[in-house]
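First to last, the protein sequences are chains A and B.
FYI, the numbering for the first sequence is 1 to 116, going by our numbering.
FYI, the numbering for the second sequence is 1 to 112, going by our numbering.
Here the structure comes first, spelled out in C-alpha cells, and everything after it is commentary.
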Amino acid sequence: SAVISQKPSRDICQRGTSLTIQCQVDSQVTMMFWYRQQPGQSLTLIATANQGSEATYESGFVIDKFPISRPNLTFSTLTVSNMSPEDSSIYLCSVETSDDSYNEQFFGPGTRLTVL
Amino acid sequence: EDQVTQSPEALRLQEGESSSLNCSYTVSGLRGLFWYRQDPGKGPEFLFTLYSAGEEKEKERLKATLTKKESFLHITAPKPEDSATYLCAVQGWGNAGNMLTFGGGTRLMVKP
Chain A
1 SAVISQKPSR
11 DICQRGTSLT
21 IQCQVDSQVT
31 MMFWYRQQPG
41 QSLTLIATAN
51 QGSEATYESG
61 FVIDKFPISR
71 PNLTFSTLTV
81 SNMSPEDSSI
91 YLCSVETSDD
101 SYNEQFFGPG
111 TRLTVL
Chain B
1 EDQVTQSPEA
11 LRLQEGESSS
21 LNCSYTVSGL
31 RGLFWYRQDP
41 GKGPEFLFTL
51 YSAGEEKEKE
61 RLKATLTKKE
71 SFLHITAPKP
81 EDSATYLCAV
91 QGWGNAGNML
101 TFGGGTRLMV
111 KP
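Written out as C-alpha cells, the structure is:
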C-alpha cells in the first residue's frame, strides 16, 4: 500500500486567483494521477503526472488551466489557475503500485476547493 | 471507450439485511476492476482489485465477484458503519497511462 498526504486539505479562494495543491507519497511510485470530483459526482481523471516530463492530460483538461509538476518519484503539485466557481470540487491525488501479479491504486484524502 | 454503470444509485438497508451492489462495465481488455469505499469529505479507500472472470475477494463483511460483464459487491449482515458510497472503476489494457474509469457510485445507508 501507499500513504498519501495532500496540502491544503481545504481552501476558499476568490475568482481569478490560483491555488497549488501538493501531493506527497511515503514511497517512490512510478504512476501518479490527479482526479477531480465535482459535487455529488464521481471521479474524473485530469492528468497523469509524469516524472521528468510533461503531464499527460485527458480530454477537456489543458496545461494552462491545470499545470502539473512532478519533480521526483514521491511528490507532485497541481495548480488550478484563474479559478472560477465552476472549479469548486474535490481534487484528489492517486498513485499506482503494481507488478506482474497485482495492481492497486490508492488515493489521498483530497483537497476541497471552494471558489467564490 | 471504457464505460462503468453502477446500480442502484442509492440503497437503504436495515442492520443485518444482506444485499448486493452491481457494477456493469465495458472495457477494451480488462487489466483490473477496482472497488473503493468513500466516506463524505474523504478520499476513496481502496478495497479490492479483481483481474479475471470468476475471481472473488473478501474483506470483513464485503465480498467482490467478477464476471466478463459485471462485478458484484456483496455485503453480508451490514452494520451502520458500512454506510458510505461504494465506487467501482475499471482499468483497460487499451488505455494509455493506466487511467481508471469510474462509475457513478452507490450510496449505501445502513440503519440500526
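For glycine and all other residues, C-beta sits at the position ideal for the given N, C-alpha and C.
Distance from the Cα of arginine 112 of chain A is smallest, within the candidate group A/Gly60, A/Pro8, A/Tyr57, for A/Pro8. In the three-state scheme derived from DSSP, where H, G and I count as helix and E and B as strand, proline 71 of chain A is classed as strand. When the five nearest sequence neighbours on each side are left out, the beta carbons in the same chain lying within less than 6 Å of the beta carbon of glutamate 96 of chain A are those of Met31, Gln105, in order along the chain.
Assigned with DSSP and collapsed to three states, glutamate 96 of chain A falls in strand. Inter-residue distance for lysine 69 of chain B and tyrosine 102 of chain A is about 21 Å (C-alpha atoms, whole angstroms). Inter-residue distance for serine 53 of chain A and leucine 45 of chain A is about 18 Å (C-alpha atoms, whole angstroms). Ranked by how close their Cα comes to the Cα of glycine 92 of chain B, the residues B/Leu50, B/Leu30, B/Ala77, B/Glu9 have B/Leu30 in first place. The Cβ atoms of valine 62 of chain A and serine 84 of chain A lie no closer than 8 Å to each other. DSSP, reduced to helix, strand and coil, places asparagine 50 of chain A outside both helices and strands of the structure shown, so it counts as coil.
Interface with chain A (8 Å Cβ-Cβ cutoff): glycine 54 of chain B is excluded. In the DSSP assignment, asparagine 82 of chain A falls outside any beta strand (DSSP E) and carries neither an H nor an E. Contacts with chain B at 8 Å (Cβ-Cβ) do not include glutamate 54 of chain A. Counting every other CB atom within 10 Å of its CB across the protein chains shown gives threonine 17 of chain A a total below 16, marking it as exposed. Annotation note: the stretch 36-86 of chain B contains the following uninterrupted beta strand (DSSP E) runs of length 3 or greater, listed N- to C-terminal: 45-50, 56-59, 62-66, 70-75. Where asparagine 98 of chain B is concerned, there is no enclosing beta strand (DSSP E), because DSSP gives it neither an H nor an E. Non-local C-beta neighbours of glutamine 14 of chain A in its own chain, meaning closer than 7 Å and more than five positions away in sequence, comprise Leu116, ordered along the chain.
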